[in-house]
Amino acid sequence: MHNPVPVADKLRSDAPPRIDGARLLDRLDRLAEIGAGENGGVTRMGFSEADREARAHVARQAVEAGLTAAVDAGGNLLIRRPGGHHGSGRPPVLVGSHLDTVANGGRLDGAYGVIAALEVLQTLHEAGAETDHETIAVAFANEEGSLFPQPFWGSMVFAGRLDALPSEPEDYSGKPLREALARAGGDLSRLASATWAPGSLTAYLELHVEQGPVLERLDRTIGVVDSITGRTQLSVQVHGRAGHAGTTPMEGRRDPLVVAARLVDAVQALAREEKLCRVATVGRLDVRPNSPNTIPDLVRLDVDLRDSDPARLRAAERTVRETLATLARAGNVRVSVDAGVRTAPVQTDPAIRDAIAASATELGYAQLTLPSGAGHDAQIVADIGPVGMIFVPSVDGVSHVPAERTAPDDLVAGAEVLLRTVLKL
Ligand code: HGY
Ligand code: MN
Ligand code: MN
Ligand code: MN
Numbered sequence: 005m006h007n008p009v010p011v012a013d014k015l016r017s018d019a020p021p022r023i024d025g026a027r028l029l030d031r032l033d034r035l036a037e038i039g040a041g042e043n044g045g046v047t048r049m050g051f052s053e054a055d056r057e058a059r060a061h062v063a064r065q066a067v068e069a070g071l072t073a074a075v076d077a078g079g080n081l082l083i084r085r086p087g088g089h090h091g092s093g094r095p096p097v098l099v100g101s102h103l104d105t106v107a108n109g110g111r112l113d114g115a116y117g118v119i120a121a122l123e124v125l126q127t128l129h130e131a132g133a134e135t136d137h138e139t140i141a142v143a144f145a146n147e148e149g150s151l152f153p154q155p156f157w158g159s160m161v162f163a164g165r166l167d168a169l170p171s172e173p174e175d176y177s178g179k180p181l182r183e184a185l186a187r188a189g190g191d192l193s194r195l196a197s198a199t200w201a202p203g204s205l206t207a208y209l210e211l212h213v214e215q216g217p218v219l220e221r222l223d224r225t226i227g228v229v230d231s232i233t234g235r236t237q238l239s240v241q242v243h244g245r246a247g248h249a250g251t252t253p254m255e256g257r258r259d260p261l262v263v264a265a266r267l268v269d270a271v272q273a274l275a276r277e278e279k280l281c282r283v284a285t286v287g288r289l290d291v292r293p294n295s296p297n298t299i300p301d302l303v304r305l306d307v308d309l310r311d312s313d314p315a316r317l318r319a320a321e322r323t324v325r326e327t328l329a330t331l332a333r334a335g336n337v338r339v340s341v342d343a344g345v346r347t348a349p350v351q352t353d354p355a356i357r358d359a360i361a362a363s364a365t366e367l368g369y370a371q372l373t374l375p376s377g378a379g380h381d382a383q384i385v386a387d388i389g390p391v392g393m394i395f396v397p398s399v400d401g402v403s404h405v406p407a408e409r410t411a412p413d414d415l416v417a418g419a420e421v422l423l424r425t426v427l428k429l
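Structure (structure tokens):
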């Protein structure tokens with residue numbers, strides 16, 4: 005092994021190492037085949053078979069690149085350079101995102117940040133670059149909460165938010181997480197071994213597609229994220245009385261689906277008309293028994309509220325609860341509400357923002373500072389260290405759908421800025 009040239013000398017003697025764009029794009033293509041659907045969508049819901057296959061696939065690529073890969077008790081994949089190559093004076097810099105997707109989602113949300121992090125680590129390794137901190141790549145587990153409804157699962161374990169997680173998590177169908185987590189290499193009874201203490205990171209950097217229209221509309225290549233939205237997710241159950249659709253008179257029905265439908269309309273109105281929060285959505289609705297000629301007995305739905313102001317989120321949540329109580333009385337049904345997720349909005353770190361901006365300028369990419377409308381693992385990792393996020397444009401501003409795309413040059417540009425920023429931290 006040649007003696008690694010200290011990156012300080014290396015930077016002085018020649019330009020910093022550059023990303024292998026072709027390898028980055030090829031890895032994204034191959035990863036997108038795991039969980040691929042017939043219409044170009046990708047389904048790799050957290051701790052599903054496809055998710056586990058993706059985690060193992062990325063771990064194999066890391067090892068083939070001469071790096072090491074290990075899964076912690078929370079199911080997070082951590083990739084490191086073999087010993088050395090960094091000073092011991094400062095805590096590590098963590099770069100990454102998530103590999104799991106929503107159902108029939110896109111090929112870039114999360115995956116792009118993980119593959120770019122692998123590319124950064126491999127480029128540093130091949131250049132024998134010395135950094136004064138260890139650089140670690142991570143794929144956080146179950147960021148989306150699509151199968152097991154605890155979004156940000158892996159980053160919450162990593163950041164030590166164990167008391168915010170259920171002790172025996174189950175998926176939407178009631179299947180326990182314990183076995184699925186074990187198959188992914190984790191261990192529900194040893195989560196504490198996977199937590200990192202506050203101050204144990206120099207920085208966490210997440211490269212991500214914007215998932216919105218702003219960068220494309222303003223023709224900017226690099227987004228410097230200044231804040232990440234707050235989010236409240238409520239799981240609502242509406243219990244009515246099942247009955248025969250043909251023989252049960254309309255008078256006296258206790259139909260939970262009628263109440264749920266009115267709630268869906270009220271939720272979108274509280275953002276669109278009353279402007280109580282930035283956006284409000286019901287994206288999931290389960291009807292039991294879901295039979296065309298039966299009045300349902302139970303309807304479950306998830307309410308997703310987003311805003312950058314925690315007080316507005318609390319007011320919007322109160323309004324949802326009050327509206328639901330009124331509708332329940334009128335519909336003579338019983339309701340319950342669980343706050344599944346409450347994540348506070350987070351500001352990114354100014355010094356990291358400056359490093360991202362300087363990197364984009366050095367590389368000649370047009371940039372814009374903007375907030376994130378989507379939630380990210382970075383807002384959880386912010387509990388234990390300073391965080392930064394880099395965005396690249398999303399074609400037509402769409403995400404969480406098969407049409408999710410980013411121009412290849414922009415994908416490479418984002419990874420170049422990620423690498424350059426790591427070297428500046
Ligand atoms: O829902 C979100 O904001 C993210 O994609 N998990
Ligand atoms: Mn997502
Ligand atoms: Mn994401
Ligand atoms: Mn994210």
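Using my numbering, read the sequence shown as starting at 5 and increasing by one per residue. Positions of the beta carbon are idealized from the N, C-alpha and C atoms, including for glycine.
Proximity to residue i [Cα-Cα], best of the options
i, options, result
"Val399", "Leu128, Gly178, Leu32, Gly216", "Gly216"
"Gly178", "Ala275, Phe152, Asp311", "Phe152"
"Val435", "Ala355, Arg304, Arg276", "Residue numbering for the chain in the displayed model covers 5 to 429; residue 435 lies beyond these limits and cannot be assessed."
"His404", "Val213, His90, Leu289", "Val213"
"Ala58", "Arg310, Leu35, Arg85, Val46", "Leu35"
"Pro260", "Asn294, Ala184, Ala273, Val271", "Asn294"
"Glu174", "Ala407, Val337, Lys428, Gly344", "Gly344"
"Leu267", "Thr127, Ala284, Leu427", "Ala284"
"Leu185", "Thr127, Glu326, Arg56, Asp414", "Arg56"
"Val341", "Thr352, Arg333, Ala329", "Ala329"
"Pro21", "Asn108, Ser92, Glu130", "Glu130"
"Arg325", "Asn336, Ile356, Ala270", "Ala270"
Contact under 8 Å by Cβ, residue i with residue j
i, j, result
"Ala74", "Val99", "no"
"Ala370", "Arg224", "yes"
"Pro349", "Gly227", "no"
"Leu195", "Val161", "yes"
"Ile23", "Ala419", "yes"
"Leu205", "Pro96", "yes"
"Leu280", "Ala315", "no"
"Arg282", "Asp311", "yes"
"Thr347", "Phe144", "no"
"Val391", "Ala382", "yes"
"Gly39", "Ala63", "no"
"Gly287", "Asp306", "yes"
Residue i burial status per 10 Å Cβ neighbour count (16 or more: buried)
i, result
"Leu125", "buried"
"Val67", "exposed"
"Asn43", "exposed"
"His248", "exposed"
"Leu222", "exposed"
"Gly437", "With the chain covering 5 to 429 only, the question about residue 437 has no answer from this structure."
"Gln237", "buried"
"Asp301", "buried"
"Gln272", "exposed"
"Met49", "buried"
"Glu408", "buried"
"Ser17", "Because the pLDDT at Ser17 is just 48, under 50, the model does not fix this residue reliably, and the value given afterwards should be weighed accordingly. The residue is exposed, with fewer than 16 neighbouring Cβ atoms inside 10 Å."
"Arg187", "exposed"
"Ser101", "buried"
"Glu183", "exposed"
"Glu172", "exposed"
"Val426", "buried"
For residue i, the three-state DSSP class (helix, strand or coil)
i, result
"Gly1", "Coverage of the chain is limited to positions 5 through 429, which leaves residue 1 absent and any answer about it impossible."
"Leu423", "helix"
"Ser376", "strand"
"His61", "helix"
"Pro314", "helix"
"Leu151", "coil"
"Ala40", "strand"
"Gly114", "coil"
"Ala74", "strand"
"Thr135", "strand"
"Phe162", "helix"
"Thr327", "helix"
"Gly109", "strand"
"Val67", "helix"
"Arg48", "coil"
"Ala12", "Bear in mind that the predicted position of Ala12 carries a pLDDT of just 45, short of 50, making it unreliable; the figure below should be weighed with that in mind. Helix at Ala12."
"Ser197", "helix"
"Ala120", "helix"
"Gly25", "helix"
"Glu79", "Here residue 79 is Gly; the residue named in the question, Glu, does not match the sequence. Here Gly79 sits in coil by DSSP."
"Gly335", "helix"
"Asp30", "helix"
"Glu174", "strand"
"Ala319", "helix"
>> What ranges does the alpha helix (DSSP H) occupy inside the segment 202–240, keeping only unbroken runs of at least 4 residues that lie completely in it?
In response: The segment 202–240 contains these whole alpha helix (DSSP H) runs: 218–221.
> Which residue spans inside the segment 245–298 form an unbroken alpha helix (DSSP H) run of at least 4?
Replying inline: Whole alpha helix (DSSP H) segments, 4+ residues: 260–276.
> Which runs of the alpha helix (DSSP H) fall wholly inside the segment 354–422 and span at least 4 residues, in chain order?
Replying inline: Whole alpha helix (DSSP H) segments, 4+ residues: 354–367, 382–385.
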